[in-house]
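J.: Got a structure for you, questions after.
Numbering (the working numbering), first residue to last: 41 to 209.
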């Protein structure tokens with residue numbers, strides 16, 4: 041397996057983790073009790089993943105050529121609400137524990153809206169990637185992926201926390 045294949049495999053694994061965690065959250069939204077630890081760990085995971093997807097999309101926009109204007113416009117339209125949602129999520133980060141006790145279900149609803157936005161962003165980015173990937177060098181894929189050992193470990197750690205708290209452990 042070459043480096044580009046490794047990077048793409050990591051991106052695919054992260055998308056699968058994203059779907060797994062989002063599915064867990066969807067099932068937890070219907071629960072009678074939502075633990076504060078689950079809400080906090082889920083918020084941290086969403087923030088991390090949103091930030092990564094935002095960075096990946098921004099890099100792809102910088103790398104794209106004007107000939108891909110329709111796909112570029114779609115990605116820009118998908119990126120704008122994610123940028124706004126990131127700002128909103130980052131603001132209350134200091135008081136997440138306090139707010140989680142008071143409005144856990146509302147918080148999960150807000151996070152679900154973020155998941156929908158990021159899903160749109162990922163699909164828009166993947167559509168543009170499909171048009172331009174034949175032009176990408178290994179260096180382009182490195183810049184686009186925003187993957188390194190630390191980010192892989194961090195994503196795994198945050199995901200494990202969500203899964204642990206989602207299972208009620």
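Beta carbons: idealized from backbone N, C-alpha and C, even for Gly.
#1: If contact is defined by three or more beta carbon pairs under 8 angstroms, each pair taking one atom from either stretch, is the stretch 143 to 158 in contact with the stretch 77 to 94?
#2: According to DSSP, is residue 176 helix, strand or coil?
#3: What separation, rounded to the nearest whole angstrom, lies between the Cα atoms of residue 178 and residue 123?
#4: Using only the alpha-carbon positions, how far apart do residue 163 and residue 73 sit?
#5: The alpha helix (DSSP H) with residue 113 in it runs from where to where?
#6: Expressed to the nearest angstrom, what Euclidean distance is found between the alpha-carbon atoms of residue 167 and residue 70?
#7: Just checking my contact of residue 126 with residue 97 at CB under 8 angstroms: how many whole Å lie between their CB atoms?
#8: Within 10 angstroms of its Cβ, does residue 92 collect 16 or more other Cβ (buried), or is it exposed?
#9: Distance, Cα to Cα, residue 50 vs residue 131?
#10: Just to check my reading of the structure: residue 100 and residue 195 have Cβ atoms closer than 8 angstroms, yes? What is that Cβ distance to the nearest angstrom?
#11: Going along the chain, which residues of its own chain have a beta-carbon closer than 6 angstroms to the beta-carbon of residue 95, five neighbours each way excluded?
#12: Return yes when at least one heavy atom of the ligand ATP lies under 7 angstroms from the C-beta of residue 66, else no.
#13: Between the beta-carbon of residue 119 and the beta-carbon of residue 161, is there less than 8 angstroms?
T.: Let's see:
#1: yes
#2: coil
#3: 27 angstroms
#4: 33 angstroms
#5: 109 to 130
#6: 33 angstroms
#7: The pair is not a contact, with the Cβ atoms about 12 angstroms apart (cut-off 8 angstroms).
#8: buried
#9: 29 angstroms
#10: Residue 100 to residue 195, Cβ: 19 angstroms. No contact.
#11: 186
#12: This structure lacks the ligand ATP, and indeed carries no ligand of any kind.
#13: yes
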